[in-house]
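>
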Amino acid sequence: MAAAQSSAMAQQGSSTNNSNSIYVTHLLQEVRKMQPSNPPEVRTKACAEIAHILYHGGILEPYLLAHPRIFVNLITLIPNRREPLSLRMQAIQTLSIACRSSDSIQQYICLRGAAELLMQLLDDDYEEMRKWAAHCLLFLMIKNGRKYESQLKSQAIQNALKRVEKDDWCHWTFNEATELLLLVQSI
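So for the sequence shown, this note's numbering puts the first residue at 387; every next one is plus one.
1) So what does DSSP say about residue 562, is it helix, strand or coil?
2) Am I right that residue 563 and residue 526 are in contact with their C-beta atoms under 8 Å? What's the rounded C-beta distance?
3) Looking at residue 459: is its Cβ nearer than 8 Å to the Cβ of residue 420?
4) Are there 16 or more other CB atoms within 10 angstroms of the CB of residue 402, so buried, or fewer, so exposed?
5) By the 10 Å Cβ neighbour count, where 16 or more other Cβ atoms means buried, how is residue 415 classified, buried or exposed?
6) Taking the Cβ atom as the reference point for each residue, do residue 531 and residue 569 lie within a distance shorter than 8 Å?
7) Rounded to whole angstroms, what's the CA-CA distance from residue 425 to residue 446? Just pull it up for me.
8) I need the DSSP call for residue 420, collapsed to helix, strand or coil.
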């Protein structure tokens with residue numbers, strides 16, 4: 387009986403490792419497609435696939451932490467105005483998945499400057515970029531708000547959030563800027 391349970395657990399562990407390796411292989415393929423030498427359409431589609439993998443993709447945390455290129459690419463792509471807006475928007479939407487990830491992924495992307503970038507994007511010319519920046523910041527600040535308290539409570543960020551709060555949020559479930567302002571007040 388114990389041998390059968392041990393064998394079943396080994397098979398389950400092997401199955402988990404195999405499914406994770408499939409996700410890792412797929413992730414690597416999509417990361418390669420993100421290279422600047424590829425056309426913007428290919429890169430946008432790859433970015434969307436990376437978001438799906440991050441959302442559905444097994445236990446990838448150890449791999450993601452060991453291979454930072456994914457997050458570095460996203461964080462450098464988002465503010466790059468030479469890139470098509472559709473690619474930049476897909477990149478911030480992909481980053482939003484990472485912002486909802488584990489504590490260690492959140493800490494890692496914060497160390498790479500994601501929080502500062504998102505605060506800058508609250509003043510972006512494009513309304514949807516501002517809203518996605520507020521959305522991402524909200525998820526990051528739920529657990530990391532104390533680290534950024536002085537920045538979040540600065541007059542510049544408060545004013546930016548109040549401007550974003552006035553944007554049209556009718557296609558969103560919540561006004562994320564309002565939620566972020568409430569969170570900042572509670573810190």
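Yeah, the Cβ is synthetic: ideal placement off N, Cα and C, and Gly gets one too.
Since we're looking at a predicted model, the values are computed, not measured.
Working from what's here:
1) As a first step, residue 562 must be located in the sequence shown, where it is residue number 176. Here residue 562 carries a helix assignment [DSSP, helix/strand/coil].
2) Translated into the one-based positions of the sequence shown, residue 563 becomes position 177. Translated into the one-based positions of the sequence shown, residue 526 becomes position 140. Between residue 526 and residue 563 the Cβ distance is about 14 Å, and since that is not below 8 Å, they are no contact.
3) As a first step, residue 459 must be located in the sequence shown, where it is residue number 73. As a first step, residue 420 must be located in the sequence shown, where it is residue number 34. Yes, these two residues count as a Cβ contact at 8 Å.
4) As a first step, residue 402 is located in the sequence shown; it is residue number 16 there, counting from the start. Confidence is the limiting factor: at residue 402 the pLDDT is only 46, short of 50, which leaves the residue's position unreliable and the question unanswerable from this model.
5) For the purposes of this step, residue 415 is taken as the residue at position 29 of the sequence shown. With fewer than 16 other Cβ atoms within 10 Å, it is exposed.
6) Mapped onto the sequence shown, residue 531 falls at position 145. Mapped onto the sequence shown, residue 569 falls at position 183. A contact, by the Cβ cut-off of 8 Å.
7) Locating residue 425 in the sequence shown gives position 39, where the first residue counts as 1. Locating residue 446 in the sequence shown gives position 60, where the first residue counts as 1. Between residue 425 and residue 446, the C-alpha separation is close to 27 Å.
8) As a position in the sequence shown, residue 420 is number 34, starting the count at 1. Residue 420: coil per DSSP, three-state reduction.
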